Amino acid sequence: MIDQQEFGRYVLGLMDEEEAEETTGPIEEDMYYGYFQIYMPSGNGLEATFTPLEDGDVYLKRILPIYEMLDPQDFQGEGMPGYFNGKSDHVSEKELKDLGKSHILGLKQLMEDHAELEEAVEASTYLGSIREVEIVSGSEMEKIRQEYDPVVHESLFELISEHTDDNEPVHVLSEAYYSIACDYWISYYLQWHRYGLDGDPLAAYFELYRLGYSAIFANGKLYIGKP
């Protein structure tokens, strides 16, 4: 099995073969910030990234949808998107609220499954208390973002940390995954396989992102709007 440094040098070679040959020090995660953007908009060639990994096909299948949501027209001019931004022409309020409810239920089930963690119990209680999913405008989302309730974020972070092996090869791409949308939950979703956790609790969150929306827990509600 390839180790983390070997895998890191392999991926660095896909980015810049000359730089890979000249790099003599340890491979660091921040070297790969923006890596997946190299394959915008089609994703062609991305499969080579995961070839050395035993479960590379799982990671590839999981990440390909972020390329499928891109509009090639956005890459025709001089200025091109720096991140993977979802968008949609029209999404009904009912569809958004249904996704919001699925998001709440998925996270609540995850937290209940890990009730041995004090943070998870607190998050489960909080999620069980939410009775409203509210759709708001983009300008309102900016204000709400400053008032978010941290309990679910902190609990999910602790749970993911408990199930993360910092020494496995794919860990070197952590910053690459984060830089896809500068959103840790999208990063978690795309790497869910590595954590060994049951279910797919961030699937609804990812679908909202794919449609061009974000979701925030604040003031005892789940707010959904365009970022």
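Residue numbers (my numbering): 470 to 696.
Where is the CB? At the ideal position from N, CA and C, for every residue including glycine.
Remember, it's a predicted structure, so these values are computed and weren't measured experimentally.
By Cβ distance, which residues of its chain are closer than 7 Å to residue i, with the 5 residues on each side in sequence left out?
i, result
"residue 476", "521, 638, 641"
"residue 667", "582"
"residue 785", "Nothing in the structure corresponds to residue 785, since the chain is present only between 470 and 696."
"residue 577", "593, 596, 597"
"residue 621", "576, 592, 595, 596, 686"
"residue 555", "538, 678, 679, 680, 681"
Taking 8 Å as the cut-off, decide whether the C-beta atoms of residue i and residue j are in contact.
i, j, result
"residue 683", "residue 610", "yes"
"residue 691", "residue 568", "no"
"residue 535", "residue 613", "no"
"residue 507", "residue 470", "no"
"residue 599", "residue 566", "no"
"residue 601", "residue 687", "no"
"residue 689", "residue 606", "no"
"residue 572", "residue 673", "yes"
"residue 636", "residue 473", "yes"
"residue 512", "residue 533", "yes"
In chain order, what residues of the same chain lie with their CB nearer than 8 Å to the CB of residue i, ignoring the 5 residues before and after it?
i, result
"residue 526", "519"
"residue 478", "489, 492, 496"
From what residue to what residue does the alpha helix (DSSP H) around residue i run?
i, result
"residue 535", "534-537"
"residue 571", "562-582"
"residue 481", "473-484"
Over what stretch of residues does the beta strand (DSSP E) that includes residue i continue unbroken?
i, result
"residue 694", "690-694"
By Cβ distance, which residues of its chain are closer than 6 Å to residue i, with the 5 residues on each side in sequence left out?
i, result
"residue 553", "535, 649, 650"
"residue 656", "646, 647"
"residue 644", "498, 499, 501, 502"
"residue 531", "659"
"residue 510", "539, 541, 544"
"residue 618", "686, 687"
Minimum length 3: unbroken beta strand (DSSP E) runs contained in the segment 597-679:
602-604
Under 8 Å: do the segment 530-545 and the segment 578-586 share three or more Cβ pairs, one atom per stretch?
no
Which runs of the beta strand (DSSP E) spanning at least 3 residues fall entirely within the segment 487-558, listed in chain order?
none
Just checking, does the segment 623-634 make contact with the segment 654-669 on the three C-beta pairs under 8 Å criterion?
yes
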